[in-house]
Amino acid sequence: QAGGSRSSVITAARMLDVESGKTIEHPAIFVGADGRITQIADARTVRWGRDAEHIDLGERTLLPGLIDMHVHLTALAEVGGYQGLRYTDSFWTAVGVANARTTIEAGFTTVRNVGSANFEDVGLKQAIEGGYIIGPRIIPAGWALGATGGHCDSGGLPPSMDRKEPSVIDSPEEARRKVRWLHKYGARAIKICATGGVFSLGDSVGAQQLTLEEMKAVAEEAHMLGIKVAAHAHGDEGIRAAILAGIDTIEHCSLASDETLKLAAERKTWFAMDIYNDDFILATGTANGTEQESLDKEKAIGLAQRQTFQRAVKAGVRMIFGTDAGIYPHGDNARQFAKMVEWGMTPIQAIRAATLNGAEALGMDGDIGAIAVGRFADIIAIEGDPLTDVTRLQHVAAVVKGGVLIKRE
Ligand code: ARG
C-alpha cells in the first residue's frame, strides 16, 4: 500500500522500541514517499530538508501501529441473536465502513478480518487501498469455512427455512475447493470453525466440528497458495486437531489442556485469545438480542478461557493479539491489554503480541509490527508510559499509517 506522495519526518518526545523493550528519547523517523521508514535518528541533532513534511507528535510516546488478528468489521455488538435478520445484506458493508475508521482511530493500523459474508471485507480493503475510505490494512478471510450445522453455518432456523452458507465444507475435497474459491475472490487468510461456539445456535461450544483430515486439507491448500489459516476452537480436541493439522493460528483456545499447550509451544502454533470479550458479553446480557443459549455457553467458557490464557503464557505458547471486535464495540480493542496483564503477561509481552508477533504470524514482519527501517511507518502516539500503565493504549492521540497522518488530537 502506497504512502503519501512526499516523504515525511515524524518526531515526538520518545518512542518505545518493542524489540528491545527500551524507550528511545527524541526520535526522528524518516519516511520515504512509498510510506516505508528509511532512517531513525536523534531529533535533537539531525536536520531535514523543506521537501519533507514534518509531523510533530509532541510530548508523546510513539509505538508501532497495533495489529488485531481477530476482528469482524462487518458485525455489530449491539445487534445480537436474531436481530441481524432485520437488516438487508448491504447494511453490513455500510457499517463496516464506519467500523474500519473507528478501528484505525483506536490505533489498530492492521487487522485480520476472520469472517464476513459476501466478501464484504475484501470490498472494504479495496476501498481503503484506493483511498475512498479510511481504515486499517486488512487481511480479509471472506467467508469462514465450517461444517453443516457448525459454528460458521447459519443455525437457529427451522428446516423449512433451510439455508446453507456457501462456505460449508463437509469433506476434505470440499475443503480444498472452497479454499481455492475464497482465494480466487480475494481472501488473503482462511478462517475455519474447528469447534462449536458461543454465538452459534444449536451447537455445543466445545465439540469438534471439522475432522483432522478436513483441517489438513484446508491447511495444505492454503499454504500452497501462500496464505495462512486461523481456526476458531474452544474445545481441547478441536484445538489439538487444528495444531496437528498445521493450522497457523488458533482462536479462542478456551479449554486447552496442559498437554495441548505443550504441543502448541513445541509446534510454535500461535494462540489468539479474546479474553476481554467475556466482560462485555455478560454485562450486556440479552439487551442486544443475544440468546440465552449464548449467555449460558459464555458462562461455561469465559473464566476457563482466562485461566487457560494464564497457563498458556506460562507454558511458553506464542501469543498474538486477537479481540473478536464486532462481538463487542469496535474501537475498544485496546481494552484487552489490561486483561492480558491481569492474567499473566508483562506489559511488553502484551504489546509484542499486538505488534511484532502479529506481524510475524501474518508473514508480514518485513512490512509492519515495529518502528524499524524498511517497514511501513504505521505509528501511534499515546500519553505516558505503556510499560507502567498498559491502559494508556486505550487512548490513542495520533495515528500515522504508511507515513500519512490519519488522526491527531
Ligand atoms: N465468536 C466467539 C464464539 O462465538 C466468541 C467467544 C466470546 N467469548 C469469549 N469468552 N471469548 O464462540
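Quick note on my numbering: the sequence shown kicks off at 1 and runs consecutively.
Glycine included, C-beta positions come from ideal geometry on N, C-alpha and C.
The structure displayed is predicted, hence computed values, not measured ones.
Item, Value
"Count the other C-beta atoms from every protein chain shown that fall within 10 angstroms of the C-beta of Met-340, then say buried if there are 16 or more, exposed otherwise.", "buried"
"Kindly provide the ranges of any alpha helix (DSSP H) runs that are 4 or more residues long and lie completely inside the region 35 to 115, ordered along the chain.", "89 to 105"
"Using the DSSP secondary-structure output, state which residues sit across from Met-15 in a beta bridge.", "Ile-24, Leu-62"
"Taking 7 Å as the limit, tell me which residues put their C-beta closer than that to any heavy atom of ligand 1, in chain order.", "His-151, Gly-197, Val-198, Phe-199, Ser-200, Val-205, His-232, His-234, His-252, Ser-254, Asp-274, Ile-275, Asn-277, Asp-278, Ile-281, Glu-298, Ile-301, Gly-302, Gln-305, Asp-324, Ile-327"
"Using DSSP's beta-bridge definition, name the partner residues of Ala-189.", "Lys-228"
"Compute the beta-carbon to beta-carbon distance between Ile-190 and Ala-141, rounded to the nearest angstrom, for a pair I have assumed lies under 8 Å.", "6 Å"
"So is Lys-216 buried or exposed if we call it buried at 16+ other beta carbons inside 10 Å?", "buried"
"With contact counted as at least three CB pairs below 8 Å, one residue from each stretch, are the region 30 to 48 and the region 77 to 88 in contact?", "no"
"Compare the C-alpha of Ile-382 against each of Ala-106, Leu-255, Phe-321, Arg-375 and name the closest.", "Ala-106"
"To test your reading of the DSSP string, which unbroken alpha helix (DSSP H) runs of 4 or more residues are found completely within the region 150 to 217?", "172 to 184"
"Around the Cβ of Val-95, are there at least 16 other Cβ atoms within 10 angstroms (buried) or fewer (exposed)?", "buried"
"May I ask you to report which of helix, strand or coil DSSP gives Ile-250?", "strand"
"Please name the residue, chosen from His-232, Thr-260, Asp-248, Glu-251, that lies closest to Arg-240 on a Cα-to-Cα basis.", "Thr-260"
"According to DSSP, is Gln-1 part of a helix, a strand, or is it coil?", "Per-residue confidence for Gln-1 stands at a pLDDT of 43, beneath the threshold of 50, marking its modelled position as unreliable; the derived number appears in the next sentence. DSSP places Gln-1 in coil when its eight states are reduced to three."
"DSSP three-state call for Pro-347: helix, strand or coil?", "helix"
"With DSSP as the reference, please indicate the residues paired to Gly-146 in a beta bridge.", "Val-168"
"Taking the C-alpha atoms as reference points, what is the distance between Arg-6 and Gln-307?", "49 Å"
"Buried or exposed, going by whether 16 or more other CB atoms sit within 10 Å of the CB of Thr-286?", "exposed"
"Note the first and the last residue of the continuous beta strand (DSSP E) segment covering Ala-334.", "Segment: none, Ala-334 is in no beta strand (DSSP E) and carries neither H nor E."
"Do Gly-156 and Gly-115 count as a contact pair if the criterion is CB distance below 9 Å?", "no"
"Is it a yes or a no for the region 65 to 75 touching the region 9 to 18, going by three-plus beta-carbon pairs under 8 Å?", "no"
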